[in-house]
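J.: Numbering follows my numbering, with no gaps: position 122 of the sequence shown is 129. Glycine included, each C-beta is placed from N, C-alpha and C at the ideal position. Quick caveat: nothing in here was measured; it's all calculated off a predicted structure. Submitted below is the structure of interest, expressed as structure tokens.
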Amino acid sequence: MWFLLTAALMAEPNSYVSPKAAAPLKIDGVIDHQWDSAPWTSDFVDIEGSAKPKPRFRTRARMMWDTQYFYIAAELSEPHVWGTLTRHDSVIFHDNDFEVFIDPNGDSHEYFEFEINALNTSWDLFLPKPYKDAGSADNGWEIPGLRTAVSVRGTLNDPRDIDQGWSVEIAIPWAAFGARARMPLPPREGDQWRVNFSRVEWLHELVGGKYQRIKGTKEDNWVWSPQGKVNMHLPEHWGYVQFGGGAFRPDPSQPVRQRLQAYYQSQYDFHRSRKRWATDAELPTPLKVTRDPKGWQACEGALCIRQDALVQPR
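As structure tokens, this is what we get:
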């Protein structure tokens with residue numbers, strides 16, 4: 008009866024149409040009139056979705072593109088703007104941060120992550136597949152030609168006043184994605200990529216007049232397209248970004264993707280509890296399931312999903 012749980016398992020991802028920039032954007036951290044043609048995303052929500060409390064502070068983003076760059080801007084309301092990490096490729100989410108996740112071809116594998124804090128310190132990494140499927144991060148992936156800037160509306164690392172927040176602008180060269188994108192670079196008009204954004208926010212205290220995280224507390228995770236779990240590494244929940252091409256065109260394969268993901272999740276849960284994959288008798292499904300010594304593949308129509316979450320053409 009796994010298929011009866013599909014709707015609850017996967018909410019419809021958010022969507023966004025990114026306009027093409029008429030001229031190269033200036034990257035200085037100030038979200039000014041050059042962004043006027045790009046709408047704001049909806050305000051970020053808790054990573055688990057609307058059942059959780061509304062975030063304490065507002066976060067929203069904009070996107071644009073041209074033949075050279077994918078441009079991203081984010082506005083983060085924040086009464087106390089602070090940061091501690093200054094070394095590139097530090098674990099940036101140990102500070103309050105803004106994060107970008109990109110899966111160009113939507114197969115849930117070979118995706119990219121970028122994090123930045125209010126000090127304009129960044130961390131870029133590539134994941135061949137999600138951590139839950141035995142993936143490991145490649146911290147050696149770098150973004151040649153990356154341009155970033157942060158603007159603070161207030162005073163950075165000064166607890167004597169109340170700030171308004173900080174904003175960030177990012178320009179990622181298309182060339183940085185390389186062959187791993189498995190999509191045309193730059194995108195064609197109307198192409199759709201899977202993208203999500205996250206904001207990590209910590210409770211803080213002052214020690215010696217300086218900000219630091221309160222030990223023993225958990226961070227808040229606020230996102231554009233909710234994940235359903237406290238886990239950003241579920242690419243199937245990321246939003247759809249369409250590069251131009253008029254009104255957003257819903258992905259006609261999304262219902263099939265939901266059913267494939269529901270079956271995958273059922274098999275994943277079964278394997279975690281019993282250390283083996285479920286048989287057809289134990290997990291009945293209308294999907295076409297084939298098996299081999301490595302695992303299984305389930306298909307419907309033109310799409311299939313594997314035991315490691317890879318979604319690929321049949």
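#1: Is the number of C-beta pairs between the segment 164-178 and the segment 74-86 that are closer than 8 Å three or more?
#2: Decide yes or no for the touch test of the segment 110-120 against the segment 194-205: beta carbon pairs closer than 8 Å, at least 3 of them.
#3: Does the separation of the CB atoms of Pro242 and Tyr118 fall below 7 Å?
#4: Just confirm the distance between the C-beta atoms of Leu310 and Arg256, as a whole number of angstroms; I'd bet it's less than 8 Å.
#5: Secondary structure at Pro276, three-state DSSP: helix, strand or coil?
#6: Just confirm the distance between the C-beta atoms of Gln249 and Ile312, as a whole number of angstroms; I'd bet it's less than 8 Å.
#7: Which runs of the beta strand (DSSP E) fall wholly inside the segment 123-152 and span at least 3 residues, in chain order?
#8: Three-state secondary structure (DSSP) at Ala28?
#9: Grab me the residues of Leu196's own chain with a C-beta within less than 7 Å of its C-beta, minus the 5 sequence neighbours each way, in chain order.
#10: Using only alpha-carbon positions, find the residue among Asp299, Trp231, Phe277 that is nearest to Gly56.
#11: Compare the C-alpha of Phe184 against each of Tyr76, Phe64, Asp276, Ala58 and name the closest.
#12: Assign Trp181 to one of three DSSP states: helix, strand, or coil.
#13: How long is the line joining the alpha carbons of Lys27 and Arg154, rounded to whole angstroms?
#14: Pick out whichever of Met71, Asn238, Asn124 has its Cα sitting closest to the Cα of His95.
#15: Would Ser129 and Val37 be called neighbours here (beta carbons separated by less than 7 Å)?
#16: In the DSSP assignment, find the beta strand (DSSP E) that holds Ile312 and state where it starts and stops.
#17: Note down, one range per segment and in chain order, each beta strand (DSSP E) of at least 3 residues found wholly within the segment 51-79.
#18: What does Ser158 pair with, by DSSP beta-bridge criteria?
#19: If we call anything under 7 Å between Cβ atoms a contact, is Tyr275 one with Trp89?
#20: From this set, Lys222, Ser205, Arg206, Phe204, which residue's C-alpha is nearest Glu212's C-alpha?
#21: Distance check for Ile179 and Val296, CA to CA, integer angstroms please.
#22: Please classify His87: does DSSP put it in a helix, a strand, or coil?
#23: Quick one: grab the DSSP three-state call for His211.
T.: Taking the coordinates as given:
#1: yes
#2: yes
#3: yes
#4: In fact, because the Cβ distance is near 18 Å, the residues do not count as touching under 8 Å.
#5: Checking the displayed sequence, the identity of residue 276 turns out to be Asp instead of Pro. Helix, per DSSP.
#6: Their Cβ separation, rounded to whole angstroms, is 23 Å, which puts Gln249 and Ile312 out of contact at 8 Å.
#7: 129-134
#8: coil
#9: Strictly speaking, residue 196 in this sequence is Glu, with Leu absent from that position. These residues qualify, in order along the chain: Phe250, Gly251, Gly252.
#10: Trp231
#11: Tyr76
#12: helix
#13: 18 Å
#14: Asn124
#15: no
#16: 310-313
#17: 66-72
#18: Ser174
#19: no
#20: Lys222
#21: 39 Å
#22: coil
#23: strand
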